[in-house]
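Engineer: Starting off with a structure, shown below.
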Amino acid sequence: MRGRLLTSCLLAVLALGACGGGDKKANKDCLSSQAALEAAARAHVDKIVIGTKEVGEAEKIVVDTCRTSDTDATATVTVQGIRDDSVQDQRHQLTLEKKSGAWTIVRDLDSQRCRKDRGHQDFSSIQCK
């Protein structure tokens, strides 16, 4: 019982820490954003793919960018209201680098939130049913 409680608490702390908050201004490490950075992050999800299936349009795409230097940035792209019977929303934690004057995605950690009765209701890398 004690081990489960400790594990649950640890997982909760890790999940909250990974959220990162949506307020760029609260993060003093972020420099002023650039339109090209947001455009590169947004273009990454022009085609929403779940597994090997393209699911088309979504209701809303929210982009939050953080430029940490002239050549490094992160972005969180949340795709809400995906037209899929299992997956409701998808989130991409992107790492970008500026190469040859253009922002390039060098890492994409994606997670998903399932529809009701199709799996987990929080963002996770675990597949929906």
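Residues 149 to 277, numbered by the working numbering, are exactly what the sequence shown covers, in order.
A virtual CB, placed ideally from N, CA and C, is assigned to each residue, including glycine.
Keep in mind the model is a prediction, meaning the values are calculated, not measured.
Let's see if you can read the secondary structure: which residues bound the alpha helix (DSSP H) around GLU186?
Structural biologist: It spans 183 to 191 - the alpha helix (DSSP H) in which GLU186 sits, taken as one unbroken run.
Engineer: Determine the DSSP secondary structure at GLU207, reduced to helix, strand or coil.
Structural biologist: Correct three-state label for GLU207: strand.
Engineer: With DSSP run on the structure shown, which of helix, strand or coil describes ASP212?
Structural biologist: If DSSP states are grouped into helix, strand and coil, ASP212 belongs with the strands.
Engineer: Can you tell me which of THR213, LYS277 and HIS192 puts its alpha carbon nearest to the alpha carbon of CYS262?
Structural biologist: Looking at the Cα atoms, LYS277 is the closest of the given residues.
Engineer: Could you tell me if ASP171 is buried or exposed, where buried requires 16 or more neighbouring beta carbons within 10 angstroms of its beta carbon?
Structural biologist: At ASP171 the pLDDT is 42, less than 50, meaning the model places this residue with poor confidence and gives no usable figure here.
Engineer: Tell me, to the nearest whole angstrom, how far the beta carbon of ASP220 is from that of HIS240; I am working on the premise that it is less than 8 Å.
Structural biologist: That pair is no contact at about 17 Å.
Engineer: Could you give the DSSP three-state label for ASP258: helix, strand or coil?
Structural biologist: ASP258 falls in the strand class under three-state DSSP.
Engineer: Which residues bound the beta strand (DSSP E) around LYS246?
Structural biologist: Looking at the DSSP string, the run of the beta strand (DSSP E) that includes LYS246 is 235 to 247.
Engineer: Who are the near neighbours of GLY267 in its chain, counting only those whose CB is closer than 6 Å to its CB and skipping five residues on each side?
Structural biologist: Around GLY267: CYS276 and LYS277.
Engineer: Ordered along the chain, which non-local residues of its own chain (more than five positions away) have a Cβ less than 8 Å from that of ARG215?
Structural biologist: Here the set comprises CYS178, LEU179, SER180, SER181, GLN182, LEU185 and ALA221.
Engineer: Please state the DSSP three-state secondary structure of THR219.
Structural biologist: Note: THR219 maps to coil in three-state DSSP.
Engineer: Just the C-alpha distance for SER273 and GLY249, rounded to the nearest angstrom, thanks.
Structural biologist: So the alpha carbons of these two residues sit roughly 32 Å apart.
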